[in-house]
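Novice: Structure provided below as structure tokens; questions to follow.
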Amino acid sequence: EMMAGVLGELLDSLRCNLAVSVSGCVSEDSLPFTASPYSLFFSLLLGTSAMLVKETGITVFGVCLIYDALVLSCHIFYFTTLSNLLSACLSLSLSHLSGSRLRELLYICSPFIKRASLTSGYVSICFYYENIIADHLLLRQYAELFRSSVLQVVIIMSVRLWLMGGSMPLFSEQDNPASFSPHFLTRFLTYSYLLPFNAWLLLAPIMLCYDWQVGSIPLVESLGDVRNVATLLLAVVMITLCLHCTSALQVKTEIREVLVGLLFLVFPFIPASNLFFRVGFVVAERVLYMPSMGYCILVAHGLGRLCSLVGRWGTTVLSVSMLLLVLLFSWKTVHQNNVWLSREALFLLYPQHASAMNNLGTLTRSPEEAEIYYRKALETNPQHNRALFNLGNLLKSQGKEKEAEALLKDSIRFGPHFADAYSSLASLYAEQKRFVEANEVYLKGIENCPDSSDLHNNYGVFLVDTGQRAAAHYQQAVRLKPAHYVAMVNLGRLLRSSNENKEAESWYKRALQVTRKVDILTPLGALYYNTGRYEEALQVYKEAVALQPESTDIWLALAQVLAMAGRTKEAERMTLDIISREGSCIECYRLLSAIYSKRGNYTEALEALDRALQQNPSDLTVRAELYFSKGNQLREMNQLDRAFESYKLAVELKPDQSQAWMNMGGIQHIKGDYAAARMYYQRALLLSPGSKLLKENLAKLDRLERRLTGGG
Numbered sequence: 001e002m003m004a005g006v007l008g009e010l011l012d013s014l015r016c017n018l019a020v021s022v023s024g025c026v027s028e029d030s031l032p033f034t035a036s037p038y039s040l041f042f043s044l045l046l047g048t049s050a051m052l053v054k055e056t057g058i059t060v061f062g063v064c065l066i067y068d069a070l071v072l073s074c075h076i077f078y079f080t081t082l083s084n085l086l087s088a089c090l091s092l093s094l095s096h097l098s099g100s101r102l103r104e105l106l107y108i109c110s111p112f113i114k115r116a117s118l119t120s121g122y123v124s125i126c127f128y129y130e131n132i133i134a135d136h137l138l139l140r141q142y143a144e145l146f147r148s149s150v151l152q153v154v155i156i157m158s159v160r161l162w163l164m165g166g167s168m169p170l171f172s173e174q175d176n177p178a179s180f181s182p183h184f185l186t187r188f189l190t191y192s193y194l195l196p197f198n199a200w201l202l203l204a205p206i207m208l209c210y211d212w213q214v215g216s217i218p219l220v221e222s223l224g225d226v227r228n229v230a231t232l233l234l235a236v237v238m239i240t241l242c243l244h245c246t247s248a249l250q251v252k253t254e255i256r257e258v259l260v261g262l263l264f265l266v267f268p269f270i271p272a273s274n275l276f277f278r279v280g281f282v283v284a285e286r287v288l289y290m291p292s293m294g295y296c297i298l299v300a301h302g303l304g305r306l307c308s309l310v311g312r313w314g315t316t317v318l319s320v321s322m323l324l325l326v327l328l329f330s331w332k333t334v335h336q337n338n339v340w341l342s343r344e345a346l347f348l349l350y351p352q353h354a355s356a357m358n359n360l361g362t363l364t365r366s367p368e369e370a371e372i373y374y375r376k377a378l379e380t381n382p383q384h385n386r387a388l389f390n391l392g393n394l395l396k397s398q399g400k401e402k403e404a405e406a407l408l409k410d411s412i413r414f415g416p417h418f419a420d421a422y423s424s425l426a427s428l429y430a431e432q433k434r435f436v437e438a439n440e441v442y443l444k445g446i447e448n449c450p451d452s453s454d455l456h457n458n459y460g461v462f463l464v465d466t467g468q469r470a471a472a473h474y475q476q477a478v479r480l481k482p483a484h485y486v487a488m489v490n491l492g493r494l495l496r497s498s499n500e501n502k503e504a505e506s507w508y509k510r511a512l513q514v515t516r517k518v519d520i521l522t523p524l525g526a527l528y529y530n531t532g533r534y535e536e537a538l539q540v541y542k543e544a545v546a547l548q549p550e551s552t553d554i555w556l557a558l559a560q561v562l563a564m565a566g567r568t569k570e571a572e573r574m575t576l577d578i579i580s581r582e583g584s585c586i587e588c589y590r591l592l593s594a595i596y597s598k599r600g601n602y603t604e605a606l607e608a609l610d611r612a613l614q615q616n617p618s619d620l621t622v623r624a625e626l627y628f629s630k631g632n633q634l635r636e637m638n639q640l641d642r643a644f645e646s647y648k649l650a651v652e653l654k655p656d657q658s659q660a661w662m663n664m665g666g667i668q669h670i671k672g673d674y675a676a677a678r679m680y681y682q683r684a685l686l687l688s689p690g691s692k693l694l695k696e697n698l699a700k701l702d703r704l705e706r707r708l709t710g711g712g
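Sequential numbering from 1 applies to the sequence shown in full-length UniProt numbering.
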């Protein structure tokens, strides 16, 4: 962000240099003409680029407009233009101006009007002139110029808003406490005090901080606060400078330097002043980059004036003093650069800063150190809701659920608009099977944070886990944040679970339009695989494996698709390659067994299953499935006794395997032990009462027993 600010400042400088490229030959009865229209349009392009790099760059348009009006065009602007406009405003009409007088006025002002219309686009002036004196064709033409300027400003602001995700950022009390104060006096006094505070940072950058947030600058809550003296002093200085510039603008040309310095000092700072909208910081040194241009102009002008007032020795003393000051600031810059070498070094510089300690906790990999830093942050500021949240999450991961619950509740209490705290507390309740309380927390969070897309997405996940439909909340998350691909994938999975494959596919593809990530490609590939669209599945999994070549699961999924597509040779080579890298891959052996079995190589298939069983999987279900698959291979090899033993081991590990019970019954049926066969068939029928094959086998067994009984 700091580099973006530097780049924006550079673009602003270029834009201003080009914007003031007006003709040096100025007649006494007209405003200066633009020397090069191409330079003017290029300056507009640079100003737009500055705004796209850093939003405060748009203030350079206002700087250039006022510079043009008050410096370049002041000799005509004051005595001709403003006097006529003032008389028109006082009479509430421009009807007193004759048509010739209007044309003369417009002719004189036309260069400035053109530049102003292309620079600022003041919509109100445009419609004021168009409505009052719309009878004059010439004025309509200038109104069209204003419209073109308005269009440009609207376009670049729309692009900037689109880059910001379609909405203004949301801030918490932690970011800017004064803006959340319920008392107007507190807000006014604090905002006013921040102006001299920033001015002091320019004058004497002694104490610098990467993050001036809550607690760094206490609120000014009463008129008796001594800091109000600084506010009054700055107000007196600024008013004096402005009055001096206004009164002496036509007398002393050097006053224009002061005016230009003030323009660059004041205008770029307006977006950071909380005047028009809430900002996400108390003080931010980065917003002083552009005002520092005006500060440098004022310092240089002041130094020149002082040198002109003192003698030769005084000039020498001033020059040496300024050189020493520059060297001192240079040393300060080098020292500050060392502080910024790492985030840890930066945060450690401010041990009494709660946000710094909290940030250190998020950086460290040691849970013990993280807990120490979070607790230090809370010692400094017990109401630091992010430190409460982070410590609560840490303790939750360590199984200290009661303390974690208390901390997360406090985080919500001190930051009621902090959506992540609601999600974390609700997740804790859900893990504890306290679903009613979890649901209440989610609903409360959505009420307080209606614009949080992540909260809606997390609530949707909770509703799915509890068996409720969550599509509406996934869709709301996408509406709030059109690029929320996680919600799109979750919605796709939800639709896939209800066999709405076309809708699920459309959501997966929509997520891929946002970003090409493995988390999106793998569920889409699984959808294609499960619906028999193997070629499409291959393309998707190949892209996924290119993005994450170290993932065994993706390689295995790709091998499975190859096997199902009939490309068993490729599938075998790929599976063996995975096994060579990860010999304990049980699923690889199962896939290899399936490939060999598909070819009729039952011996090799059996060996692959034995190697899988040698890995001794801890999951009883996996072991049961392996024994079941081994029984199938032995049955294909007509080794019925070994197959029966393998099925028996499978049902001992997982008694609800109806297919294993039925196969055991089938083996006994073939061997002529009809009583045992009936027992196994009936056990399988209890688990799968709707199985037609079981009923047919029992019917065959009944007929066979009747024939044998009748024959006896």
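Glycine included, every Cβ here is placed at the ideal spot set by N, Cα and C.
Let me confirm a value: HIS183 is counted as buried when at least 16 other C-beta atoms fall within 10 Å, else exposed. Which label applies?
Specialist: HIS183 comes out exposed.
Novice: So what's TRP340 in DSSP terms, helix, strand or just coil?
Specialist: TRP340: coil per DSSP, three-state reduction.
Novice: Can you give the Cα-Cα distance for GLU257 and THR246, rounded to whole angstroms?
Specialist: Near 12 Å, if we compare the C-alpha coordinates of THR246 and GLU257.
Novice: Quick one: is GLN615 near chain B, going by C-beta distance under 8 Å?
Specialist: Reference to chain B is not applicable here, since this structure consists of a single protein chain.
Novice: Tell me, which residues are paired with TRP212 by DSSP?
Specialist: Looking at the DSSP assignment, TRP212 forms a beta bridge with VAL283.
Novice: Within its chain, find whatever has a CB closer than 7 Å to the CB of residue 713; leave out the 5 residues flanking it on each side and keep chain order.
Specialist: Residue 713 cannot be examined here, being either before or after the span of the chain that is shown, 1 to 712.
Novice: Does the pairing of the segment 633-651 with the segment 612-619 give three or more beta-carbon distances under 8 Å?
Specialist: Because the criterion of three Cβ pairs below 8 Å is not met, the segment 633-651 and the segment 612-619 do not touch.
Novice: So does the segment 353-370 actually touch the segment 224-243, counting three or more Cβ pairs closer than 8 Å?
Specialist: No: the two stretches stay apart, fewer than three of their Cβ pairs being nearer than 8 Å.
Novice: Do the CB positions of GLU405 and LEU391 come within less than 8 Å of each other?
Specialist: Result no, Cβ atoms of GLU405 and LEU391 do not sit closer than 8 Å.
Novice: So which of LEU262, GLU587, TYR210, LEU185 has the shortest CA-CA distance to VAL220?
Specialist: With distances taken between Cα atoms, VAL220 lies closest to LEU185.
Novice: Given ARG635, which residues of its chain have a CB within under 8 Å of its CB, disregarding the five upstream and five downstream residues?
Specialist: Taken in chain order, the residues that qualify are ALA643, ASN663, ILE667.
Novice: Can you name the start and end residues of the alpha helix (DSSP H) that HIS456 belongs to?
Specialist: From DSSP, the alpha helix (DSSP H) with HIS456 extends over 453-465.
Novice: Can you tell me the Cα-Cα spacing of PHE269 and PRO351, whole angstroms?
Specialist: Whole-angstrom Cα-Cα distance: 29 Å.
Novice: Where does LEU349 sit, in a helix, a strand or coil, going by DSSP?
Specialist: Coil at LEU349, not helix or strand.
Novice: Leaving out five residues before and five after PHE347 in sequence, what residues of the same chain have Cβ atoms less than 6 Å from its Cβ?
Specialist: Hits under 6 Å: ALA356, ASN359, LEU360.
Novice: Run through DSSP, which three-state label would LEU512 get?
Specialist: DSSP places LEU512 in helix when its eight states are reduced to three.
Novice: For ARG599, which residues from the same chain have a beta carbon less than 8 Å from its beta carbon, with the 5 sequence-adjacent residues on both sides left out?
Specialist: Correct list, in chain order: THR568.
Novice: Is GLY631 helix, strand or coil by DSSP?
Specialist: Helix, per DSSP.
Novice: Below 8 Å on the Cβ atoms is my contact criterion, and I expect ALA477 with GLY460 to pass it. Report the Cβ-Cβ distance as a whole number of Å.
Specialist: Yes, ALA477 and GLY460 are in contact; Cβ-Cβ is about 7 Å, under 8 Å.
Novice: How big is the Cα-Cα spacing for ARG496 and GLN539?
Specialist: Those two C-alpha atoms are separated by around 20 Å.
Novice: With DSSP collapsed to three states, give me the class of HIS473.
Specialist: Correct three-state label for HIS473: helix.
Novice: When the distance is taken between beta carbons, is MET322 closer than 8 Å to LEU298?
Specialist: Not a contact, by the Cβ cut-off of 8 Å.
Novice: Can you look up GLU696 in the DSSP assignment and give me helix, strand or coil?
Specialist: GLU696 falls in the helix class under three-state DSSP.
Novice: Should residue 726 go down as buried or exposed, given a rule of 16 or more other Cβ atoms within 10 Å for buried?
Specialist: Outside the displayed span of the chain (1 to 712) sits residue 726, for which this structure offers no information.
Novice: Should the segment 586-597 be regarded as contacting the segment 550-562, the criterion being three or more beta carbon pairs within less than 8 Å?
Specialist: Judged by Cβ distances under 8 Å, the segment 586-597 makes contact with the segment 550-562, as three or more pairs qualify.
Novice: Taking LYS444 as part of the alpha helix (DSSP H), name the residues at either end of that continuous run.
Specialist: Here the alpha helix (DSSP H) through LYS444 covers 435-448.
Novice: Can you tell me which of the three DSSP states GLN668 falls into?
Specialist: Helix at GLN668.
Novice: Below 8 Å on the Cβ atoms is my contact criterion, and I expect HIS456 with LEU480 to pass it. Report the Cβ-Cβ distance as a whole number of Å.
Specialist: Yes, they are in contact, since the Cβ atoms of HIS456 and LEU480 sit about 7 Å apart, within 8 Å.
Novice: Between which residues of its own chain and LEU556 is the CB-CB distance below 8 Å, once the five residues before and five after are set aside?
Specialist: These residues qualify, in order along the chain: THR575, ILE578, CYS585, GLU587, CYS588, LEU591.
Novice: Could you give the first and the last residue of the continuous alpha helix (DSSP H) run that contains THR364?
Specialist: That residue, THR364, is in no alpha helix (DSSP H); it is neither H nor E in DSSP.
Novice: Taking just the CA atoms, how far does THR59 sit from MET290?
Specialist: Each residue's Cα considered, the two are about 10 Å apart.
Novice: With burial defined as no fewer than 16 other Cβ atoms inside 10 Å of the residue's Cβ, what is the status of ASN338: buried or exposed?
Specialist: ASN338 is exposed by the Cβ-count criterion.
Novice: Cβ of ASN385 within 8 Å of Cβ of SER423?
Specialist: Cβ distance not < 8 Å, so ASN385 and SER423 don't count as in contact.
Novice: So PHE644 is in the alpha helix (DSSP H); what residue range does that whole segment cover?
Specialist: Segment 640-653, the alpha helix (DSSP H) holding PHE644.
Novice: Ordered along the chain, which non-local residues of its own chain (more than five positions away) have a Cβ less than 7 Å from that of LYS376?
Specialist: Once the five neighbours on either side are set aside, the close Cβ partners of LYS376 are MET357.
Novice: Please list the terminal residues of the continuous alpha helix (DSSP H) segment that includes VAL540.
Specialist: Where VAL540 is concerned, the enclosing alpha helix (DSSP H) stretches over 534-547.
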